[in-house]
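Below you'll find the structure, written out as structure tokens, and then a few comments.
Protein chains: 2
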Amino acid sequence: MQIHPIRCVDIALGERSYPILIAEALLDNPAAYRDVPNATSAMIVTNETVAPLYAARLEQALGARFKSVHLVTLPDGEEYKTWQTLNLVFDALLRHGCDRKTVLFALGGGVVGDMTGFAAASYMRGVPFVQVPTTLLAQVDSSVGGKTGINHPLGKNMVGAFYQPQLVVCDLGTLKTLPQRELSAGLAEVIKYGPIADMAFLDWIETNLDALLRRDAVALAYAVQRSCEIKAWVVGQDERESGLRAILNFGHTFGHAIEAGLGYGKWLHGEAVGCGMVMAAHLSHALGLVQADFVERLSGLVRRAGLPIKGPCLSDSDNAGRYLELMRMDKKAEGGEIRFVVIDGSSSASMRAAPDAMVRQVIDACCS
Amino acid sequence: MQIHPIRCVDIALGERSYPILIAEALLDNPAAYRDVPNATSAMIVTNETVAPLYAARLEQALGARFKSVHLVTLPDGEEYKTWQTLNLVFDALLRHGCDRKTVLFALGGGVVGDMTGFAAASYMRGVPFVQVPTTLLAQVDSSVGGKTGINHPLGKNMVGAFYQPQLVVCDLGTLKTLPQRELSAGLAEVIKYGPIADMAFLDWIETNLDALLRRDAVALAYAVQRSCEIKAWVVGQDERESGLRAILNFGHTFGHAIEAGLGYGKWLHGEAVGCGMVMAAHLSHALGLVQADFVERLSGLVRRAGLPIKGPCLSDSDNAGRYLELMRMDKKAEGGEIRFVVIDGSSSASMRAAPDAMVRQVIDACCS
Chain R
1 MQIHPIRCVD IALGERSYPI LIAEALLDNP AAYRDVPNAT SAMIVTNETV APLYAARLEQ
61 ALGARFKSVH LVTLPDGEEY KTWQTLNLVF DALLRHGCDR KTVLFALGGG VVGDMTGFAA
121 ASYMRGVPFV QVPTTLLAQV DSSVGGKTGI NHPLGKNMVG AFYQPQLVVC DLGTLKTLPQ
181 RELSAGLAEV IKYGPIADMA FLDWIETNLD ALLRRDAVAL AYAVQRSCEI KAWVVGQDER
241 ESGLRAILNF GHTFGHAIEA GLGYGKWLHG EAVGCGMVMA AHLSHALGLV QADFVERLSG
301 LVRRAGLPIK GPCLSDSDNA GRYLELMRMD KKAEGGEIRF VVIDGSSSAS MRAAPDAMVR
361 QVIDACCS
Chain S
369 MQIHPIRCVD IALGERSYPI LIAEALLDNP AAYRDVPNAT SAMIVTNETV APLYAARLEQ
429 ALGARFKSVH LVTLPDGEEY KTWQTLNLVF DALLRHGCDR KTVLFALGGG VVGDMTGFAA
489 ASYMRGVPFV QVPTTLLAQV DSSVGGKTGI NHPLGKNMVG AFYQPQLVVC DLGTLKTLPQ
549 RELSAGLAEV IKYGPIADMA FLDWIETNLD ALLRRDAVAL AYAVQRSCEI KAWVVGQDER
609 ESGLRAILNF GHTFGHAIEA GLGYGKWLHG EAVGCGMVMA AHLSHALGLV QADFVERLSG
669 LVRRAGLPIK GPCLSDSDNA GRYLELMRMD KKAEGGEIRF VVIDGSSSAS MRAAPDAMVR
729 QVIDACCS
């Protein structure tokens with residue numbers, strides 16, 4: 001086993017601050033959990049895909065700290081990010097007599113992390129929780145920053161809370177078991193940080209994309225670290241998305257419409273975001289904010305990462321109309337007006353409305 | 369119509385501070401809502417009992433402030449304080465295209481207030497909300513302090529959030545339509561403030577109980593104001609119940625067991641709390657903390673208020689055992705140990721564990 005040092009990125013949010021630890025062979029290292037609050041019991045929330053791979057190792061590491069360590073295993077997939085599944089966590093917590101100090105551990109990808117976080121925010125009005133993300137997408141994005149929640153048939157993440165974990169433990173070793181499709185989905189969120197905040201990082205990704213796709217340990221470690229640094233910088237300035245933080249949703253307005261329109265779970269979240277970034281780049285160009293060659297460059301990178309760059313057809317009669325209808329449900333919309341995250345090709349993003357006719361043209365051009 | 373001045377009690381919680389306004393004919397006075405945040409839309413959440421009485425008046429007052437005012441009417445009763453009912457609110461919010469600035473108005477008693485508050489805490493990860501309590505219990509207790517949530521079959525208020533309203537509007541006029549049983553239930557929470565914080569207020573309640581029971585406007589105004597002052601003082605020191613705030617649960621440990629054991633909705637919450645206070649007073653006496661004559665005095669007052677002082681039988685085979693089992697689910701329990709709020713007969717309360725055998729004796733003596 002190759003020994004890497006533990007990298008640490010701090011999320012600075014006053015009394016809600018916490019560290020992100022990044023290293024290989026970390027999830028069963030008891031030292032990683034040294035600063036987790038004391039309690040009688042812990043509950044690991046995971047899914048049926050991740051449980052056989054990593055649950056026993058985490059249980060063992062926590063056994064030293066907690067008198068009892070419970071495990072609840074959820075079905076796997078975005079289509080299960082529902083109240084019904086969340087309730088399985090509450091049932092287990094109450095059945096085991098878990099109290100207000102019980103610590104929840106989210107072991108899995110974005111869906112497990114979002115649901116465990118919302119369960120922790122809501123159980124007895126709030127218990128502590130720790131993120132142990134096992135997918136690239138969760139390590140670089142969803143486990144960091146305290147966005148938690150579940151989907152509603154009418155929109156993604158419509159019910160949830162801003163609730164920060166005590167700690168994020170990114171074990172790079174878990175990325176070795178990730179299906180290639182999920183690795184690509186995670187790369188969508190890595191690529192995202194380039195155009196919105198750091199064009200030098202975009203250059204680095206372009207240079208190192210092949211290494212990332214073949215899971216080179218050094219390349220993955222840097223991609224996770226730099227992504228977390230950028231996310232920490234944004235979240236530290238705007239925890240509850242009253243302004244700046246919305247730039248992290250670059251590609252997500254179109255992406256959420258794709259996910260909701262196809263039915264949750266058809267496309268992976270990262271796939272929808274990858275394609276959504278291409279559509280948002282085209283819209284930025286239509287608004288005169290970015291050059292056509294940058295749109296080409298970003299599209300090429302998204303394609304090379306193994307992600308779709310053409311949106312799916314969501315309606316045979318009025319495809320663009322269906323996209324618009326779904327996007328009006330977006331959380332960034334206000335008074336019925338969709339607000340898009342647009343880019344300028346020089347490390348910064350902003351929020352903009354756009355005329356429906358222009359958005360329709362972009363959708364028509366970007367859908368197959 | 370008799371004109372009273374508007375009384376104002378402030379909840380001091382830094383940037384989450386807000387006023388409680390108390391007066392007659394307040395709910396349709398647009399001035400009451402002057403400081404509510406601007407938004408395109410508002411949503412009134414109420415129930416089928418309260419809607420025909422007060423919804424139109426509130427809608428009219430809000431019509432001046434919001435472009436659209438929506439209404440969602442829930443079934444009435446503690447047994448509907450569930451996820452299924454809460455989801456009706458999310459459905460309505462999404463169906464009407466409500467956004468992250470939409471203001472929710474809870475028009476009703478404790479159940480409506482707790483569910484609307486949790487809906488506001490969770491919809492799009494948090495929208496503003498206003499409490500417009502129409503029962504005595506909600507005006508003196510549940511609408512103030514930011515405890516929100518729903519019940520779980522295994523325990524009361526097990527899923528929820530600490531989430532503060534922007535404003536509480538107590539219209540004393542609404543108490544005129546309250547059924548006598550509900551008035552008595554509200555008096556349980558008024559009486560509670562005496563032993564835990566203010567024995568002079570307990571004296572005042574004893575002197576003025578008949579006036580309160582016949583809904584004398586001046587007596588009710590003072591009872592609501594003084595109760596809110598005491599609650600504001602406690603919540604201002606301990607918003608998230610890490611210590612002091614737990615004293616507000618005097619009578620609630622036994623009370624929640626009664627509610628869960630009988631099935632939600634059989635006894636009103638205030639009835640269970642009234643009886644629970646008598647049981648907690650007996651336990652305080654058994655622990656040597658309070659004189660027998662104070663237990664008698666409190667029991668007499670609870671009975672005069674029209675509330676039960678004998679607990680129901682929750683199990684034919686082992687009644688005390690069933691109470692204990694249910695109380696171990698209490699949110700104040702830690703590591704399986706029940707922590708009771710006990711009183712000393714001189715304006716103060718504290719948290720204590722008690723031997724099971726002693727608790728059994730108290731239950732046996734207090735149940736019919």
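From first to last, the protein sequence lines stand for chains R and S.
My numbering applies: residue 1 is where the first sequence begins, and numbers increase by one.
My numbering applies: residue 369 is where the second sequence begins, and numbers increase by one.
Where is the CB? At the ideal position from N, CA and C, for every residue including glycine.
No experiment lies behind these values; they were computed from the predicted model shown.
(1) Taking only runs that begin and end inside the stretch 636-723 of chain S, name each unbroken beta strand (DSSP E) of 3 or more residues, in chain order.
(2) Evaluate the contact criterion for the stretch 487-498 of chain S versus the stretch 85-96 of chain R: three or more CB pairs, one atom per stretch, below 8 Å.
(3) So the alpha helix (DSSP H) R/H455 belongs to, where does it begin and stop?
(4) By a C-beta neighbour count over all protein chains shown, 10 Å radius and 16 as the cutoff for buried, is S/E392 buried or exposed?
(5) Counting pairs of Cβ atoms below 8 Å between the stretch 150-164 of chain R and the stretch 118-126 of chain R, do you hit three or more?
(6) Reducing DSSP to helix, strand and coil, say where S/C735 ends up.
(7) Verify whether the separation of the beta carbon atoms of S/G668 and S/L505 is less than 9 Å.
(8) Can you give me the start and stop residues for the beta strand (DSSP E) that R/F129 sits inside?
(9) Curious, which full-length beta strand (DSSP E) runs of at least 3 residues does the stretch 105-185 of chain R contain?
(10) Which chain R residues sit within Cβ distance under 7 Å of S/M492?
(11) What are the boundary residues of the beta strand (DSSP E) that includes S/A410?
(12) Would you give the residue range spanned by the alpha helix (DSSP H) that S/D571 belongs to?
(13) Does any residue of chain S bring its CB to less than 9 Å from the CB of R/L62?
(14) Evaluate contact between the stretch 348-363 of chain R and the stretch 281-296 of chain R, counting only Cβ atoms and requiring at least three cross-stretch pairs below 8 Å.
(15) Starting from S/Y386, follow the beta strand (DSSP E) in both directions and report where the run begins and ends.
(16) Taking the alpha-carbon positions, what's the S/A400 to S/D566 distance?
(17) If I follow the unbroken alpha helix (DSSP H) through R/C228, where does it start and stop?
(18) Spell out whether any CB of chain S is found under 9 Å from the CB atom of R/T116.
(19) Just checking: is the beta-carbon of R/T148 within a distance shorter than 9 Å of some beta-carbon in chain S?
(20) According to a CB-to-CB cut-off of less than 9 Å, which residues of the stretch 93-110 of chain R neighbour chain S?
(21) Measure the beta-carbon distance from S/R582 to S/L636 and round it to whole angstroms, keeping in mind my assumption that it falls under 8 Å.
(22) Check whether the Cβ of S/N455 lies closer than 9 Å to any Cβ atom in chain R.
(23) At least one CB of chain S closer than 9 Å to the CB of R/K67: is that the case?
(24) Starting from R/T85, trace the alpha helix (DSSP H) in both directions and tell me its first and last residue.
(25) Count the other C-beta atoms from every protein chain shown that fall within 10 angstroms of the C-beta of S/T575, then say buried if there are 16 or more, exposed otherwise.
(26) Once DSSP output is grouped into helix, strand and coil, what is the label at R/R65?
(27) Alpha carbon to alpha carbon, how far is R/V341 from S/E702? Give it in angstroms, no decimals.
(28) I'd like to know whether the C-beta of R/M1 is nearer than 9 Å to at least one C-beta of chain S.
(29) So the candidates are S/W601, S/K560, S/D459; which of them puts its Cα closest to the Cα of S/D378?
(30) Compare the C-alpha of R/R226 against each of R/L21, R/G306, R/P308 and name the closest.
(31) Does the beta carbon of R/H252 come closer than 9 Å to any beta carbon on chain S?
(32) Near R/V190, what residues of its chain come up, given a Cβ to Cβ distance below 6 Å and the 5 sequence neighbours on each side ignored?
(33) For a contact defined as C-beta to C-beta under 7 Å, what are the partners of R/F201 on chain S?
(34) Going along the chain, which residues of its own chain have a beta-carbon closer than 7 Å to the beta-carbon of S/T417, five neighbours each way excluded?
(35) Anything in the stretch 316-345 of chain R with a Cβ closer than 7 Å to a Cβ of chain S? List those residues in chain order, please.
(36) Rounded to whole angstroms, what's the CA-CA distance from R/S346 to R/I196? Just pull it up for me.
The structure says:
(1) 708-711, 717-720
(2) no
(3) Because chain R in this structure spans residues 1 to 368, residue 455 of chain R falls outside the shown range and cannot be described.
(4) buried
(5) yes
(6) strand
(7) no
(8) 129-133
(9) 129-133, 147-152, 155-162, 167-171
(10) M158, K331
(11) 409-415
(12) 567-581
(13) no
(14) yes
(15) 386-391
(16) 30 Å
(17) 217-237
(18) no
(19) yes
(20) L93, L94, R95, G97, D99, R100, K101
(21) In fact, because the Cβ distance is near 20 Å, the residues do not count as touching under 8 Å.
(22) yes
(23) yes
(24) 83-95
(25) exposed
(26) coil
(27) 46 Å
(28) Because R/M1 sits at a pLDDT of 44, beneath the cut-off of 50, its placement in the model cannot be relied upon, and the following sentence gives the value as read from the coordinates. By this cut-off, R/M1 is not an interface position.
(29) S/W601
(30) R/L21
(31) no
(32) V140, A223, S227
(33) Near R/F201 there are no residues of chain S at all, since even the closest Cβ is about 28 Å away, more than 7 Å.
(34) D444
(35) R328, M329, K331, A333, E334, G335, G336
(36) 8 Å
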